[in-house]
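The block underneath contains the structure these notes are about, expressed in structure tokens.
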Amino acid sequence: MNEEVRLTSSTDLLKKLRFLLGLKNGYELANLIGVKPNTMSSWKVRDSIPYHRIVELCKRYNIDLNELFFDNYAKNDLTQKYVQIPMLYLHHYWDYYFDLATNNTTVLPLAHFPGEIDFDLIIQVATESESDLSSRLFFTFCKKITPEELISGKTYIIIVKNRGFLYAKLQGMNPASTILELDLGGGKITHVNNCDILELFICKGIYSEE
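Written as structure tokens, this is what we have:
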């Protein structure tokens, strides 16, 4: 029996298109389509999109229409042969932060890996060096864990309430007060309360082009 084809809703389609194009927000997408932001908002409310505009944009930027329009489209059967891992880029941080309630990673770009792997999200990280005023970009292979699984000396990416993303090594923790001491690098130390942690990832490895 063939699997039922699921069409993407207008709201999710525009959100997915924005991520596939690497745009930071809906305002940039509206400019690229050539409409006002409130026009695009009305498309979402009415669940009605002038699809000829979307198709033209997809042709221009070589976006797979099937991948955009269908929720369960398996591009080149990669989903059957490989594990799909969402990739969270720097310019998607705040979109992810404010969408934590739904834990929606379906609109993020995907990387495909053969066989069994021990991570479930790839996060782009930027670090700065005060000595030579340079910055470094790299990707971390992350696995979501709970605060109870924390181990001193390990490196984590922590999403903290009202602070956002922290890339840090755990220096120590006080079980009585639930306070974590984190080394941000460059001699910077910060403290985070367990109750302020929204999501927590252990870094299993990194990839850098440098």
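As numbered in our numbering, residues 466 to 675 make up the sequence shown, in order. For each residue, glycine too, the CB sits at the ideal point set by N, CA and C.
* To do: With a 10 Å radius around its C-beta and 16 neighbouring C-beta atoms as the bar for buried, classify residue 601 as buried or exposed.
  => Locating residue 601 in the sequence shown gives position 136, counting from the first residue. By the 10 Å Cβ count, residue 601 comes out exposed.
* What residues in its chain sit with their C-beta under 6 Å from that of residue 565, if we drop five residues either side in the sequence? -> Residue numbering aside, residue 565 sits at position 100 when the sequence shown is read from its first letter. Correct list, in chain order: 663.
* Have a look at residue 645 and residue 493 and give me their C-alpha separation to the nearest angstrom. => In the sequence shown, the residue the question calls residue 645 occupies position 180. In the sequence shown, the residue the question calls residue 493 occupies position 28. Approximately 38 Å between the Cα atoms of the pair.
* To do: Give every residue of the same chain whose Cβ lies closer than 6 Å to the Cβ of residue 485, excluding the five residues on either side of it in the sequence, and list them in chain order.
  => By 1-based counting over the sequence shown, the position of residue 485 is 20. Within the same chain, residue 485 has close Cβ partners 528.
* Asked: Which word fits residue 656, buried or exposed, when buried means at least 16 other C-beta atoms lie within 10 angstroms of its C-beta?
  -> Taking the first residue of the sequence shown as position 1, residue 656 is located at position 191. Result: exposed.
* Taking three-plus beta-carbon pairs below 8 Å as touching, is the stretch 520-534 in contact with the stretch 547-562? -> no
* Validate contact between the stretch 617-627 and the stretch 636-651 using beta carbons, cut 8 Å, 3 pairs -> yes
* Does the separation of the CB atoms of residue 615 and residue 635 fall below 8 Å? -> Here residue 615 is taken as the residue at index 150 of the sequence shown, counted from 1. Here residue 635 is taken as the residue at index 170 of the sequence shown, counted from 1. In contact: residue 615 and residue 635 (Cβ atoms closer than 8 Å).
* My understanding is that residue 533 touches residue 509, with C-beta atoms under 8 Å, so please give their C-beta distance in whole angstroms. => The residue labelled residue 533 in the question sits at position 68 within the sequence shown. The residue labelled residue 509 in the question sits at position 44 within the sequence shown. No, residue 533 and residue 509 are not in contact; Cβ-Cβ is about 16 Å, not under 8 Å.
* residue 667 in three-state terms, based on DSSP -> Within the sequence shown, the letter at position 202 stands for residue 667. Here residue 667 sits in strand by DSSP.
* Taking residue 656 as part of the beta strand (DSSP E), name the residues at either end of that continuous run. => As a working mapping, residue 656 is identified with position 191 in the sequence shown. Looking at the DSSP string, the run of the beta strand (DSSP E) that includes residue 656 is 653-658.
* Write down the C-beta distance between residue 550 and residue 522 rounded to the nearest angstrom, noting that I regard them as a contact closer than 8 Å. => Taking the sequence shown and counting its residues from 1, one reaches residue 550 at position 85. Taking the sequence shown and counting its residues from 1, one reaches residue 522 at position 57. That pair is no contact at about 26 Å.
* Excluding sequence positions up to five away, which residues of its chain have a Cβ less than 8 Å from the Cβ of residue 514? -> Taking the first residue of the sequence shown as position 1, residue 514 is located at position 49. Taken in chain order, the residues that qualify are 475, 478, 479 and 508.
* Asked: Identify the residues that DSSP records as bridge partners of residue 590: which are they?
  -> For the purposes of this step, residue 590 is identified with residue 125 of the sequence shown, where counting begins at 1. Looking at the DSSP assignment, residue 590 forms a beta bridge with 603.
* Asked: Whose C-beta lies closer than 6 Å to the C-beta of residue 604 among residues of the same chain, with five residues either side of it excluded?
  -> By 1-based counting over the sequence shown, the position of residue 604 is 139. If we look at residue 604 and ignore the five residues flanking it on each side, its Cβ neighbours are 587, 589 and 672.
* Asked: What alpha helix (DSSP H) runs, 4 residues minimum, are completely inside the stretch 480-527?
  -> 491-498, 502-511 and 516-525
* To do: Flag this pair as yes or no: are the beta carbons of residue 619 and residue 665 separated by less than 8 Å?
  => As a first step, residue 619 is located in the sequence shown; it is residue number 154 there, counting from the start. As a first step, residue 665 is located in the sequence shown; it is residue number 200 there, counting from the start. Not in contact: residue 619 and residue 665 (Cβ atoms no closer than 8 Å).
* Do you know how far the Cα of residue 555 is from the Cα of residue 541? -> Within the sequence shown, the letter at position 76 stands for residue 541. Within the sequence shown, the letter at position 90 stands for residue 555. With a pLDDT of 49 at residue 541, under the threshold of 50, the modelled position of that residue is not reliable, and the figure given next carries that caveat. Computed Cα separation, rounded: 28 Å.
* Asked: Three-state secondary structure (DSSP) at residue 643?
  -> Here residue 643 corresponds to residue number 178 of the sequence shown, with the count starting at 1. Residue 643 falls in the coil class under three-state DSSP.
* Asked: Does the separation of the CB atoms of residue 518 and residue 498 fall below 8 Å?
  -> On the sequence shown, residue 518 is found 53 positions in, with the first residue counted as 1. On the sequence shown, residue 498 is found 33 positions in, with the first residue counted as 1. Yes, they are a contact pair.
* **8 Å CB neighbourhood of residue 660 in its chain, flanking five on each side removed** => The residue labelled residue 660 in the question sits at position 195 within the sequence shown. Here the set comprises 643.
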